[in-house]
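**Student:**
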Amino acid sequence: MGGNARCRPARTGRPRVRGPGRPEEVQPMKRNLYVSAAAAVVLLAGGPAAAAVAAPADAARTAPAAAPAAPADTTAEGAAAAALKDYPGVISSLDRDGNVWHVDVITKDGKGHAELKVDAANGKVTRENVDTDEDAGEHKDLLAAKVTAEQAVKAALAAHPGEAWAVEWDSDDDNGKAASWHVEVRGSDGKTWDGSVDATTGKVTALSDSDDDYGNG
109 MGGNARCRPA
119 RTGRPRVRGP
129 GRPEEVQPMK
139 RNLYVSAAAA
149 VVLLAGGPAA
159 AAVAAPADAA
169 RTAPAAAPAA
179 PADTTAEGAA
189 AAALKDYPGV
199 ISSLDRDGNV
209 WHVDVITKDG
219 KGHAELKVDA
229 ANGKVTRENV
239 DTDEDAGEHK
249 DLLAAKVTAE
259 QAVKAALAAH
269 PGEAWAVEWD
279 SDDDNGKAAS
289 WHVEVRGSDG
299 KTWDGSVDAT
309 TGKVTALSDS
319 DDDYGNG
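What follows is the structure, encoded as structure tokens:
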């Protein structure tokens with residue numbers, strides 16, 4: 109190199125300026141800003157609907173399920189209906205012992221007698237004992253009664269609201285007492301009410317009103 113050669117100036121740290129024909133490269137940080145801005149525009153344009161779509165799907169899966177309804181308890185009327193459906197006839201007695209209804213049914217010809225159990229939780233009927241050689245004469249008053257056990261329960265509850273717990277046939281006695289139904293009702297006030305329902309007229313007569321603590325039995 110000759111003595112007249114010029115020294116090139118040293119390169120500085122300034123970036124090179126690209127010509128107008130070459131587009132500037134998009135840096136990663138700028139790309140992220142563009143994506144975030146675009147997502148915000150979509151949410152603003154869509155309103156609540158878009159926000160709902162963007163919500164996590166797990167929220168629906170974690171929602172608590174509705175609790176199943178508790179099964180209804182079988183009433184005296186329900187137990188009577190279930191018993192007669194299983195063994196048609198006329199009810200002579202019905203009483204509850206815990207979660208079981210005990211029902212006695214006499215066939216309409218007076219010759220059949222069934223002892224049934226009805227589950228108070230589900231209404232299922234179980235036959236305990238069935239006789240087919242009954243003396244029809246012993247049941248003639250019951251079979252001729254105008255008021256049935258079911259009607260006696262209804263009349264007793266109309267006179268004294270509560271839950272019927274027992275109903276039993278009481279036929280004529282030697283003193284000439286009219287046939288009737290003895291009905292036991294348990295009220296929400298903790299008292300047991302005993303009444304008599306005339307088997308012909310349906311008239312209700314109170315027999316007692318006690319403070320028995322009957323519990324579940």
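Each residue of the sequence shown is one higher than the last, beginning at 109 in this note's numbering.
All C-beta atoms, glycine included, are put in the ideal place defined by N, C-alpha and C.
Only a predicted model underlies this, so the values are computations on that prediction, with no experimental measurement involved.
1) Check the C-beta distance from Ala-263 over to Val-293 and give it rounded, since I have them as a contact under 8 angstroms.
2) Drop a sphere of 10 angstroms on the beta-carbon of Val-65, count the other beta-carbons inside from all chains shown, and report buried for 16 or more, exposed for fewer.
3) In three-state terms, what does DSSP make of Gly-206?
4) For Asp-205, is the classification buried or exposed, using 16 other Cβ atoms within 10 angstroms of its Cβ as the cut-off for buried?
5) Using the C-alpha atoms, what's the distance from Thr-308 back to Asp-249?
6) According to DSSP, Ala-274 sits in a beta bridge with which residue or residues?
7) Out of Asp-306, Ala-191, Lys-254, Gly-295, point me to the one whose CA is closest to Glu-236's CA.
8) Go ahead and label Thr-240 buried or exposed: buried means 16 or more other beta carbons lie within 10 angstroms of its beta carbon, across all protein chains shown.
9) So if DSSP puts Lys-254 in a beta bridge, which residue, or which two residues, is it bridged to?
10) Around the C-beta of Asp-217, are 16 or more other C-beta atoms found within 10 angstroms, so that it is buried, or is it exposed?
11) Suppose you measure from the CA of Ala-189 to the CA of Val-208; what does that come to, to the nearest Å?
12) So for Gly-129, helix, strand or coil by DSSP?
13) Consult DSSP for Glu-242 and reduce its assignment to one of helix, strand or coil.
14) Where does Gly-197 land, buried or exposed, given buried means 16+ other C-beta within 10 angstroms?
15) Just reading off the beta strand (DSSP E) that Ala-222 is part of, what are its end residues?
16) Using a 10 Å radius around the Cβ and a threshold of 16 neighbouring Cβ atoms, would you call Ala-184 buried or exposed?
17) Step through the CB atoms of chain B and report whether any lies within less than 8 angstroms of the CB of Asn-237.
18) Tell me the rounded alpha-carbon separation between Gly-270 and Trp-301.
19) Count the other CB atoms within 10 Å of the CB of Gly-245; is the residue buried (16 or more) or exposed (fewer)?
20) Grouping DSSP H, G and I as helix and E and B as strand, with all else coil, what is Asp-249?
21) By the 10 Å Cβ neighbour count, where 16 or more other Cβ atoms means buried, how is Leu-202 classified, buried or exposed?
**Tutor:** Here's the rundown:
1) Walking along the sequence shown from the start, residue 263 turns up at place 155. Walking along the sequence shown from the start, residue 293 turns up at place 185. About 11 angstroms separates the beta carbon of Ala-263 from that of Val-293, a gap too long to meet the 8 angstroms contact definition.
2) No information on residue 65 is available, as it lies outside the stretch 109 to 325 that the chain covers here.
3) Here residue 206 corresponds to residue number 98 of the sequence shown, with the count starting at 1. Three-state result, Gly-206: coil.
4) For the purposes of this step, residue 205 is taken as residue 97 along the sequence shown, with counting starting at 1. Per the 10 Å Cβ criterion, exposed.
5) Taking the first residue of the sequence shown as position 1, residue 249 is located at position 141. Taking the first residue of the sequence shown as position 1, residue 308 is located at position 200. C-alpha separation (whole angstroms): 11 angstroms.
6) For the purposes of this step, residue 274 is taken as residue 166 along the sequence shown, with counting starting at 1. Beta-bridge analysis with DSSP links Ala-274 to Asp-203, Glu-292.
7) Counting from 1 along the sequence shown, the entry for residue 236 is found at position 128. Its Cα nearest to that of Glu-236, the residue Ala-191 stands out among Asp-306, Ala-191, Lys-254, Gly-295.
8) By one-based count along the sequence shown, residue 240 stands at place 132. Label assigned to Thr-240: exposed.
9) As a first step, residue 254 must be located in the sequence shown, where it is residue number 146. Paired residue(s): none; Lys-254 is not in a bridge.
10) Here residue 217 is taken as the residue at index 109 of the sequence shown, counted from 1. Within 10 angstroms of the beta-carbon of Asp-217 lie fewer than 16 other beta-carbons, which makes it exposed.
11) Position 81 of the sequence shown, counting from 1, holds the residue named residue 189. Position 100 of the sequence shown, counting from 1, holds the residue named residue 208. Their Cα atoms are separated by approximately 15 angstroms.
12) On the sequence shown, position 21 is the one that residue 129 refers to. Bear in mind that a pLDDT of 47 at Gly-129, under 50, signals an unreliable position, so the number given afterwards is only what the model happens to contain. Coil at Gly-129, not helix or strand.
13) Along the sequence shown, one-based indexing puts residue 242 at 134. Residue state for Glu-242 is assigned as coil, using DSSP reduced to three classes.
14) Walking along the sequence shown from the start, residue 197 turns up at place 89. Buried is the call here.
15) Position 114 of the sequence shown, counted from the start, is the residue given in the question as residue 222. Start and end: 221-227.
16) If you number the sequence shown from 1, residue 184 lands on position 76. A buried status is given to Ala-184, since no fewer than 16 other beta-carbon atoms sit within 10 Å of its beta-carbon.
17) Included in the structure is just one protein chain, with no chain B present.
18) Residue numbering aside, residue 270 sits at position 162 when the sequence shown is read from its first letter. Residue numbering aside, residue 301 sits at position 193 when the sequence shown is read from its first letter. Looking at the two C-alpha atoms, the distance is approximately 9 angstroms.
19) Here residue 245 corresponds to residue number 137 of the sequence shown, with the count starting at 1. Around the CB of Gly-245, fewer than 16 other CB atoms lie within 10 Å, so the residue is classed as exposed.
20) For this step, residue 249 is matched to residue 141 along the sequence shown. Residue state, collapsed to three classes: helix.
21) By one-based count along the sequence shown, residue 202 stands at place 94. Burial call: buried.
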